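Engineer: Below is a structure I'd like to ask you about.
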Amino acid sequence: MGKLGIIGATGWLGHALGENLLTQGLWPAQDLVLLNRSGPSKKYAAHPGVAWARDATEVCDQCETIVLSVRPEDFPVPGFAPQDHLVISFMAAWTLERLQTLAPKARIVRTMPSGGATTRQSYTPWVAGAGVLDPDIALTARLLSAIGTEDQVENEAQLDYLSALSGSGAAYPALMAQAMLDHARRNGLSDHVAMRAVEAVICGSAGILTRKMAEVGAVIEAYMSYRGITAAGLSAARTCGFPEAISAALDAASAKARSMGRD
Ligand SMILES: NC(=O)c1ccc[n+]([C@@H]2O[C@H](COP(=O)([O-])OP(=O)(O)OC[C@H]3O[C@@H](n4cnc5c(N)ncnc54)[C@H](OP(=O)(O)O)[C@@H]3O)[C@@H](O)[C@H]2O)c1
590 MGKLGIIGAT GWLGHALGEN LLTQGLWPAQ DLVLLNRSGP SKKYAAHPGV
640 AWARDATEVC DQCETIVLSV RPEDFPVPGF APQDHLVISF MAAWTLERLQ
690 TLAPKARIVR TMPSGGATTR QSYTPWVAGA GVLDPDIALT ARLLSAIGTE
740 DQVENEAQLD YLSALSGSGA AYPALMAQAM LDHARRNGLS DHVAMRAVEA
790 VICGSAGILT RKMAEVGAVI EAYMSYRGIT AAGLSAARTC GFPEAISAAL
840 DAASAKARSM GRD
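Just so it is clear: in the sequence shown, position 16 is 605 by this note's numbering, and no numbers are missing.
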């Protein structure tokens, strides 16, 4: 597999990747080269075999595979010149075209992890740029499996779309939680009761729906079939445009994702 470099290795996502690769035995510590801005960090204290690079030039010289996990505005980092190596980017706004212009010979993969990377619950779609080889595809899948599940998608438009969808993490559940909390408080519930009730809805139902996405329609129809309290609520939500509001949100978010880095 050669050496793997992580640029941004102590950030939230870079560390989630590095730590999970090491603890799951997916990458040997002696083949991991780490770079950040502030120097060697205690975050990797449990893995004394890892190497710390002084700059991106050292990472690019030593590593066949390089993960980019710095914030988009901090890129390009000085000394970044990966030649014909495999570069796996986590960055928003840096399109395949922009990255390829900066590193014309590199084999580039763009990914978009979601929240949950630290606990291996990220869903990470990714797209391969021109010249990416079969072994690169296998290696990318292996690396990303360290932080959760992954899928190769057909093109960058799909990755942009998924940046808006799976990349949103807890945003839309949080929005629904806030609307429910506001409503419960307006109806006289104490904060304590309102928060426990809404948490039961938002977090308690997650397990019920896990691996049930193919059955979501049937789940809703089952609630509707009781013709009871929840059916009345679901009908009102539909009539008031709940599905349309979600569509509008995803349209706006995916348009933003498409425009980033192309303005
Ligand atoms: N967080 C998410 O949920 C998420 C999801 C999908 C994609 N992403 C993308 O992943 C990337 C990283 O996000 P993050 O949340 O992990 O960011 P972060 O926590 O701010 O981490 C940024 C990392 O970059 C390092 N860094 C900054 N400037 C550098 C330089 N010149 N040379 C070397 N290292 C440098 C920082 O080092 P110091 O710690 O020493 O400053 C830190 O390790 C971003 O591009 C983001 O868009 C994040």
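The beta-carbon is built from N, C-alpha and C at its ideal position, and this holds for glycine as well. The model shown is predicted, which means the values in this text are computed figures rather than measured ones.
Distance check for M802 and C792, CA to CA, integer angstroms please.
Structural biologist: Between C792 and M802, the C-alpha separation is close to 16 Å.
Engineer: Just the Cα atoms here: how many angstroms apart are V659 and A763?
Structural biologist: Distance between the alpha carbons of V659 and A763: 26 Å.
Engineer: Compare the Cα-Cα distances from A826 to each of V787, S630, A768 and report the closest residue.
Structural biologist: The option with the nearest alpha carbon to A826 is A768.
Engineer: Cα separation between A766 and P671?
Structural biologist: Straight-line Cα distance between these residues: approximately 44 Å.
Engineer: Buried or exposed: where does D725 fall if 16 or more other Cβ atoms within 10 Å of its Cβ makes it buried?
Structural biologist: So D725 ends up on the buried side.
Engineer: Got a sec: does ligand 1 put a non-hydrogen atom nearer than 6 Å to the Cβ of S755?
Structural biologist: S755: no, Cβ never under 6 Å from ligand 1.
Engineer: Does the distance between the C-beta of S627 and the nearest non-hydrogen atom of ligand 1 fall short of 6 Å?
Structural biologist: Checking every heavy atom of ligand 1 against the Cβ of S627, one is found closer than 6 Å.
Engineer: Can we count R774 as close to ligand 1, meaning its CB is less than 6 Å from some heavy atom?
Structural biologist: Checking every heavy atom of ligand 1 against the Cβ of R774, none is found closer than 6 Å.
Engineer: Considering only heavy atoms of ligand 1, does any lie closer than 6 Å to the CB of P661?
Structural biologist: Because some heavy atom of ligand 1 lies under 6 Å away, the Cβ of P661 counts as near it: yes.
Engineer: Nearer than 6 Å: is that true of the beta carbon of S658 relative to any heavy atom of ligand 1?
Structural biologist: S658 Cβ: within cutoff of ligand 1.
Engineer: What do you get for T599, buried or exposed, if any count of 16 or more other CB atoms within 10 angstroms of its CB means buried?
Structural biologist: The residue in question, T599, is buried, as its Cβ has 16 or more Cβ neighbours within 10 Å.
Engineer: Does the distance between the C-beta of M680 and the nearest non-hydrogen atom of ligand 1 fall short of 6 Å?
Structural biologist: Yes; taking the cut-off as 6 Å, the Cβ of M680 has a heavy atom of ligand 1 nearer than that.
Engineer: List the DSSP bridge partners of D771.
Structural biologist: Answer is none; D771 lacks a bridge partner.
Engineer: Whole angstroms is fine: what's the gap from R774's alpha carbon to D780's?
Structural biologist: Going by the C-alpha atoms only, they are around 7 Å apart.
Engineer: Do you know whose CA, among A727, E653, M849, M680, lies nearest D663's CA?
Structural biologist: It is M680 whose Cα lies nearest to the Cα of D663.
Engineer: In whole angstroms, give me the CA-to-CA distance for N856 and L624.
Structural biologist: The chain is shown from 590 up to 852; residue 856 falls before or after that span and cannot be answered.
Engineer: Measuring alpha carbon to alpha carbon, tell me which of L728, G777, I736 ends up nearest Q613.
Structural biologist: Per the Cα distances, I736.
Engineer: Could you name the residues of the same chain whose beta carbon sits closer than 6 Å to that of L722, not counting the 5 residues immediately before and after it, in chain order?
Structural biologist: Closer than 6 Å at Cβ, skipping near neighbours: no residue.
Engineer: If L602 sits next to A717, beta carbons under 8 Å apart, how far is it from one beta carbon to the other, in whole angstroms?
Structural biologist: 20 Å between Cβ atoms; not a contact.
Engineer: Name, in chain order, the residues that DSSP records as bridge partners for F700.
Structural biologist: For the sequence presented, residue 700 should be read as Thr rather than Phe. T700 pairs with W715.
Engineer: Helix, strand or coil for D740, going by three-state DSSP, please let me know.
Structural biologist: DSSP places D740 in strand when its eight states are reduced to three.
Engineer: Since P661 and A682 should fall inside the 8 Å C-beta cutoff, what is the C-beta to C-beta distance between them, to a whole number of angstroms?
Structural biologist: Correct: roughly 4 Å between the Cβ atoms.
Engineer: Following the continuous alpha helix (DSSP H) through T690, name the residue where it begins and the one where it ends.
Structural biologist: Per DSSP, T690 belongs to the alpha helix (DSSP H) from 685-691.
Engineer: Considering only residues of the same chain and omitting the five flanking positions on each side of I790, which have a CB-CB separation below 7 Å?
Structural biologist: One point to set straight first is that residue 790 is Val, not Ile, in the sequence displayed. Hits under 7 Å: M769.
Engineer: What three-state label does DSSP hand V666 in the structure shown?
Structural biologist: It is coil, neither helix nor strand.
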